[in-house]
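Presented below is the structure to which this report refers.
In UniProt numbering, the protein residues as written are 1 to 132.
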């Protein structure tokens with residue numbers, strides 16, 4: 001039985017009861033890309049974006065802003081050929097004065113937009129996140 005039986009193919013949601021290792025194993029079973037960023041050391045928006053860029057192997061010219069993130073999650077990835085799907089984990093997003101609720105929501109909105117983009121192409125894009 002699929003771990004994603006009750007998880008829509010294009011969603012951004014709290015990691016809740018899922019474990020990172022289970023999500024990674026399910027991505028492998030489905031032959032989908034597994035993208036993981038551990039953000040506990042980040043404090044600012046720039047640090048969060050740098051952590052994601054490094055973990056996801058974004059190009060060196062990545063602009064460390066939300067627009068650049070959106071581009072890397074859609075255009076650049078799509079140009080690399082046919083995609084089987086994505087399982088993304090953003091673990092321990094910070095809850096700091098320099099990365100407040102508004103910044104976290106903006107970040108998650110970028111991932112929601114990417115999920116919508118991939119949904120139009122009928123490609124699964126599931127994002128799971130947790131906060132500190």
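Where a beta carbon is used, it is the ideal one built from N, C-alpha and C, also for glycine.
I need the straight-line Cα distance from residue 50 to residue 69, nearest angstrom please. 10 Å
Per DSSP, what kind of secondary structure is residue 15 in: helix, strand or coil? coil
What residue does the beta strand (DSSP E) around residue 20 start on, and which one ends it? Residue 20 -> not in any beta strand (DSSP E); alpha helix (DSSP H) instead, spanning 20-29.
Given that a residue counts as buried once 16 or more other Cβ atoms are within 10 Å of its Cβ, and exposed if not, what is residue 10? buried
Leaving out five residues on either side along the sequence, give the residues of the same chain with a beta carbon under 8 Å from the beta carbon of residue 20. 36, 89 and 91
So residue 86 and residue 32 are supposed to be a Cβ contact under 8 Å. How far apart are they, rounded? 6 Å
What residue range is occupied by the uninterrupted beta strand (DSSP E) comprising residue 35? 33-38
Between residue 62 and residue 8, what straight-line distance do the alpha-carbon atoms span, to the nearest angstrom? 30 Å
Would residue 84 be called buried (16 or more neighbouring beta carbons within 10 Å of its own) or exposed? exposed
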